[in-house]
Amino acid sequence: KLSRICLFVFVQFFSSGCHYPINKAVVIEQRDDTTVTLVEGSSCAYIGYLSLRFNPDKAPPAVPHQQHYALQVTEEASPVIDRCHINSTSSVGAAVCVKRTAANPKVRHCSITDCENVGIYITDGAQGQFEDCEIARNSLAGVWVKNQANPFFRRCHIHHGKDVGVFTFEYGMGYFEKCNIHSNRISGIEVKNNANPTVVRCEVHHGLTGGIYIHEKGRGRFMENRIYSNAFAGIWITGSSDPTIRKNEIYAGQQGGVYIFGDGRGLIEQNNIYGNALAGIQIRTCSDPIVRLNKIHDGLHGGIYVHEKGKGLIEENEVYGNTLAGIWVTTGSSPILRKNRIHSGKQVGVYFYDNGHGLLEENDIFNHLYSGVQIRTGSNPKITRNRIWGGQNGGVLVYNGGLGMLEDNEIFDNAMAGVWIKTDSHPTLRRNKIYDGRDGGVCIFNNGRGLLEDNDIYRNAQAGVLISTESNPTLRRNRIFEGKAAGVEITNGASATLEANQLFHNKFGGLCLATDVKPVLRDNKIYDNHNAVERAVGRGQCLFKISSCTSFPMHDFYRCVSCNTTERNAICINCIKNCHRGHTVEFVRHDRFFCDCGAGTLEHQCRLQTEVRDNDTVYDSATPTGSDTPNML
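For the sequence shown, UniProt numbering gives the first residue as 1, with consecutive numbering after it.
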């Protein structure tokens with residue numbers, strides 16, 4: 001003990017009197033045992049400005065070197081290690097070992113680099129303060145923390161390791177602040193086996209297999225970090241792990257932002273997640289995190305992707321500007337999506353497909369290039385008390401066998417239909433307000449079914465409810481009013497059951513039925529509609545006068561054989577009587593159309609119109625666009 005104490009005093013004195021980087025000139029090296037050990041009683045020891053090296057022979061030793069280090073601090077030692085270069089060429093063990101309760105060195109401005117094993121190993125309740133150190137290019141982890149150890153790292157540079165940067169496991173803890181952790185072959189930080197570190201204001205980037213990997217019941221608090229440009233996910237959470245991820249920037253990942261799988265949990269809160277190549281947050285395989293108050297935006301793929309029986313409480317987030325859907329829910333998943341603002345996406349707002357379920361409640365969903373919500377292929381979500389508006393392709397699209405319960409929503413100001421139901425879908429719409437649409441209120445096409453009950457459908461530019469092409473829904477106790485076309489229109493071989501509805505104050509009439517349509521009608525009240533079609537016919541006007549090219553009033557339409565028109569070219573009764581008087585004409589059917597004669601698309605100018613337009617007839621509302629199915633990990 002005396003010789004070691006004298007050595008420390010000599011080195012301190014000698015180093016302090018030199019005026020050049022002496023830590024390269026003064027080397028203490030050992031080949032068969034730990035180079036320097038500090039034990040109880042060395043609380044005031046100082047080692048500075050030198051190199052400590054454990055450099056065993058390459059031949060297999062008689063005694064393995066797992067317990068041999070360049071520097072070991074144990075018991076109640078609390079020395080200062082200052083501006084040293086520390087290295088070990090042993091393929092096992094570590095360069096620096098701090099172990100046992102009350103071991104608490106202060107390591108400053110040191111470099112622990114190019115080791116053939118672990119850089120720093122802290123265990124058994126030890127502590128330690130590591131500041132402004134470089135920990136780099138080590139063959140195993142730059143830092144190991146385990147077994148209740150709780151060190152403090154500040155402003156350390158941990159990089160280019162051939163394994164993980166920082167590895168906390170087996171109940172290890174630690175506080176990492178303002179560290180720069182990057183370019184490690186595996187993840188920048190790994191948390192495993194009930195470890196619980198705190199990582200604050202660090203940069204974790206350019207990890208070759210990810211930024212932070214939390215697994216096997218790992219925990220931890222990760223706050224105010226910048227996590228970016230990692231080769232895979234910025235953060236992985238799996239194996240029943242339950243970390244807190246708060247106020248981080250997670251961006252520019254070559255795959256996703258946060259990836260939660262294999263029963264992962266966690267609180268993901270107040271983060272800014274953007275510009276990742278895949279989903280900002282991905283939840284799968286029975287994982288059930290809380291995702292709250294985040295901004296998830298401008299992803300090159302989508303916002304949040306929940307699949308393979310994923311769950312999660314996803315609330316009060318802002319999800320916007322993503323290339324694909326804002327939120328996907330698929331393959332047996334059932335998250336709770338509550339009070340989010342989901343907007344300005346380049347495709348769909350919320351997309352349920354392939355048996356996606358869950359609760360969509362009190363969200364504000366608006367300004368998507370496609371529809372606000374899409375439901376298809378067996379999906380059956382509950383959608384309640386949302387505002388769905390400003391969709392360029394409609395409000396809600398239910399298609400290809402989609403289901404769903406839509407209750408108490410406001411669906412308004414969509415460029416196409418407020419709700420589309422098509423291709424064998426069968427949703428329930430109850431107590432919704434569907435209004436001020438720039439197209440129809442509800443459009444049901446191609447064998448669509450569904451129950452519409454107790455809804456208020458009003459002030460839409462086209463029919464309040466349009467039922468077409470073999471569809472057969474049930475409408476019960478709805479109020480359909482103040483539409484700029486008809487209240488309910490049924491056409492193209494469709495049918496319906498209408499029971500106890502109120503249809504009033506609609507421009508083209510309350511209920512309009514095409515030829516051969518025979519719905520079931522019970523106790524409906526149809527009153528005070530404007531009946532503009534009958535009035536225009538009675539005044540001798542062309543129906544184009546009241547419809548322009550934007551509406552489709554239902555009336556008798558004809559074709560002119562003499563003018564060689566086709567069934568595609570509809571001509572109203574007044575144009576037949578005036579513009580085509582004396583021609584050979586034939587009745588086609590009673591249906592919805594605008595008059596091509598009045599629109600100016602026929603060879604002869606309409607005599608009843610003073611303005612000529614060149615437009616093609618479109619018999620039904622435009623078809624909505626289905627969302628792309630994601631191709632994810």
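Even for Gly, the Cβ is constructed at its ideal location relative to N, Cα and C.
This one's a predicted model, so the numbers in the text were calculated from it and none came from an experiment.
- Residue 332 places its beta carbon 8 Å or farther from that of residue 311.
- Residue 587 counts as exposed, since fewer than 16 other beta carbons sit within 10 angstroms of its beta carbon.
- Boundaries cannot be given for residue 386, as no beta strand (DSSP E) includes it and DSSP labels it neither H nor E.
- Cβ-Cβ distances below 6 Å link residue 391 to 368, 371, 372, 414 in the same chain, with the five nearest sequence neighbours on each side left out; the list follows chain order.
- Within a 10 Å sphere around the beta-carbon of residue 539 sit fewer than 16 other beta-carbons, which makes this residue exposed.
- Non-local C-beta neighbours of residue 240 in its own chain, meaning closer than 6 Å and more than five positions away in sequence, comprise 217, 263, ordered along the chain.
- 8 Å or more divides the Cβ of residue 114 from the Cβ of residue 141.
- Cβ neighbours of residue 315 within its own chain (closer than 6 Å, five residues either side excluded): 292, 338, 339.
- If you draw a straight line from the Cα of residue 85 to the Cα of residue 249, it is about 33 Å long.
- The three-state secondary structure of residue 517, taken from DSSP, is coil.
- Following the DSSP letters along the chain, one finds residue 533 inside the alpha helix (DSSP H) bounded by residues 532-538.
- Beta-bridge analysis with DSSP links residue 504 to 481, 527.
- In the structure shown, residue 544 adopts helical secondary structure according to DSSP, grouped into three states.
- Annotated three-state conformation of residue 99 is strand, per DSSP.
- Distance from the Cα of residue 39 is smallest, within the candidate group 126, 300, 557, for 126.
- Excluding its 5 nearest sequence neighbours in each direction, residue 101 has C-beta neighbours in its own chain below 6 Å: 125, listed in chain order.
- Straight-line measurement puts the Cα of residue 206 at about 21 Å from the Cα of residue 220.
- Ranked by Cα distance from residue 487, the options 576, 455, 96 are led by 455.
- For residue 578, the enclosing alpha helix (DSSP H) begins and ends at 573-578.
- Distance from the CA of residue 69 to the CA of residue 51, rounded to the nearest whole angstrom, comes to 13 Å.
- Judged by their CB atoms, residue 53 and residue 27 are nearer to each other than the 8 Å cut-off.
- In the DSSP assignment, residue 456 falls within the unbroken beta strand (DSSP E) covering 456-458.
- For residue 600, there is no enclosing beta strand (DSSP E), as DSSP gives it neither H nor E.
- Within 10 angstroms of the beta-carbon of residue 604 lie fewer than 16 other beta-carbons, which makes it exposed.
- Rounded to the nearest angstrom, the gap between the Cα atoms of residue 326 and residue 428 is 24 Å.
- Distances from the alpha-carbon of residue 57 to those of 383, 67, 91 put 91 closest.
- Contact between residue 107 and residue 128 holds, with the beta-carbon distance rounding to 7 Å and staying under 8 Å.
- Within the same chain, 127, 173, 174 come within 7 Å of residue 150 by CB-CB distance, once the 5 residues on both sides are set aside.
- Excluding sequence positions up to five before and after residue 470, its CB lies within less than 8 Å of the CB of 446, 447, 492, 493, 494, all in the same chain and listed in chain order.
- Cβ contact annotation for residue 501 (same chain, cutoff 8 Å, sequence separation greater than five): 475, 476, 477, 478, 479, 480, 488, 524, 525, in chain order.
- By DSSP's assignment, residue 146 forms a beta bridge with 169.
- Short of 6 Å from the beta carbon of residue 521, and not among the five residues preceding or following it, lie these beta carbons of its own chain, in chain order: 498.
- Within its own chain, the residues whose Cβ lies closer than 6 Å to the Cβ of residue 576, once the five positions on either side in sequence are excluded, are 558, 585, listed in chain order.
- DSSP, read as helix, strand or coil, puts residue 494 in coil.
- The residue from 161, 364, 363, 87 with its alpha-carbon nearest to that of residue 29 is 87.
- The C-alpha of residue 237 is placed about 21 Å away from the C-alpha of residue 180.
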